[in-house]
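In this note's numbering, the protein residues as written are 14 to 229.
Dropping the structure here:
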């Protein structure tokens with residue numbers, strides 16, 4: 014929401030929330046959607062089963078101003094429908110690579126609803142590692158995998174290129190030696206002593222992004 018100067022009686026806008034003579038409030042940008050849609054897809058192949066445990070967030074932009082300025086739901090796509098769409102597509106199309114699954118969801122909302130001008134989809138993946146029994150990988154038993162997060166973010170407008178970002182976050186890294194900290198800036202408030210050897214622990218976020226005209 015953006016605040017505007019007092020409006021005159023001649024001022025008109027479908028996205029203005031105030032009355033003539035009052036300080037105006039204009040709807041400058043809006044988006045809405047559904048988050049934390051989690052599902053697990055199990056591929057029951059002969060031999061070894063495969064699992065994909067994903068969590069999806071969808072945001073839509075478009076001609077939804079009337080929902081905010083007039084209180085009507087005539088153009089609102091229920092977030093429950095978004096959730097059901099994720100579950101349906103998890104069965105209809107491959108869910109990995111995650112980027113392709115996210116693009117497929119974007120394409121669906123853009124092709125099905127003409128008043129949607131853009132779709133953003135974020136997907137996060139939970140890893141499961143196959144258990145070993147007597148040194149042999151089990152066909153259908155798993156344990157929780159690493160705690161770091163794999164994911165992607167796709168933003169697709171109705172016209173123009175698709176933006177895709179893939180990422181890894183919360184990747185814990187530990188180094189027990191040969192990691193010093195010295196040669197830093199020292200001022201009147203510095204009390205830290207330099208050291209040439211220490212234990213270092215951190216979390217890494219890695220992202221790679223690109224624009225594409227890829228349609229999935």
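Even for Gly, the Cβ is constructed at its ideal location relative to N, Cα and C.
From a predicted model like this one, the values you see are computed outputs, not experimental measurements.
Do the CB positions of residue 182 and residue 162 come within less than 8 Å of each other?
-> For residue 182 and residue 162, yes; Cβs fall inside 8 Å.
Around the C-beta of residue 122, are 16 or more other C-beta atoms found within 10 angstroms, so that it is buried, or is it exposed?
-> Buried: at least 16 other Cβ atoms inside 10 Å.
Opposite residue 75 in the DSSP bridges: which residues?
-> BP columns for residue 75 point to 129.
Go ahead and pull the three-state DSSP assignment for residue 119.
-> Judged by DSSP in its simplified three-state form, residue 119 adopts helix.
Which partner residues of residue 66 appear in the DSSP bridge assignment?
-> Looking at the DSSP output, residue 66 shares a beta bridge with 53 and 139.
On the three-pair Cβ rule with 8 Å, is the region 92-111 touching the region 39-48?
-> A contact exists between the region 92-111 and the region 39-48.
Delimiting residues of the alpha helix (DSSP H) encompassing residue 105 | First-last of the alpha helix (DSSP H) with residue 105: 92-105.
Residue 177 beta carbon less than 8 Å from that of residue 167 = Contact: yes.
So, helix, strand or coil for residue 174, using DSSP?
-> In the structure shown, residue 174 falls within a coil segment according to DSSP collapsed to helix, strand and coil.
Does DSSP put residue 192 in a helix, a strand or coil?
-> Three-state result, residue 192: coil.
Just how far apart, CA to CA, sit residue 125 and residue 96?
-> Each residue's alpha carbon lies about 15 Å from the other.
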